[in-house]
Amino acid sequence: MSLDRLAAFDAEPEAGEVIDGELAVTDDVLVKAFALGPDATIDPHEHDGATNVFHVVRGEVTVQQDDTQEAIAAPGIVLNERGQAHGAHNHTDEVAVLTASLCPLPGQ
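The opening residue of the sequence shown carries number 770 in the numbering used here; numbering runs sequentially from there.
Here you go:
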């Protein structure tokens, strides 16, 4: 068994599809992986009581923060502050993978 939790996330989404999975869940943090097929989107959303960090680990995604958008290629890290609207879109023809760490967990 590998210590690398991302290694077990072997998702290959179709165009427009997002596949997600939980990599780590504790009392302190949630880490999820997202595989975005070409033209797939994680809709903008907010976490009022938690910081969210994207780690782009494969491909390239365009990250939206409030009214700003920027293409981030792997490896890349994006800090989404508490209460800041954020989302991601894959404008490429390849699958893109990012993880999202949420801390502290909402309600903690």
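Glycine residues also receive a C-beta, built at the ideal position from the N, C-alpha and C atoms.
- Here A784 carries a coil assignment [DSSP, helix/strand/coil].
- Per the coordinates, the alpha-carbon of R851 lies some 10 Å from the alpha-carbon of L871.
- Taking the C-beta atoms as reference points, V787 is found nearer than 8 Å to I811.
- When DSSP states are grouped into helix, strand and coil, L874 belongs to the coil group.
- Comparing alpha-carbon positions, the option among S771, D773, L772, P782 lying closest to N859 turns out to be P782.
- Counting the other CB atoms within 10 Å of its CB gives H816 a total of 16 or more, which places it among the buried residues.
- The Cβ-Cβ distance between P844 and V822 does not fall below 8 Å.
- Ranking T820, E863, D796 by CA distance to the CA of L805 puts E863 first.
- Counting the other CB atoms within 10 Å of its CB gives A776 a total below 16, which places it among the exposed residues.
- Annotation: H814 to F778 spans about 23 Å, alpha carbon to alpha carbon.
- Note that the C-beta distance between V800 and L874 is not below 8 Å.
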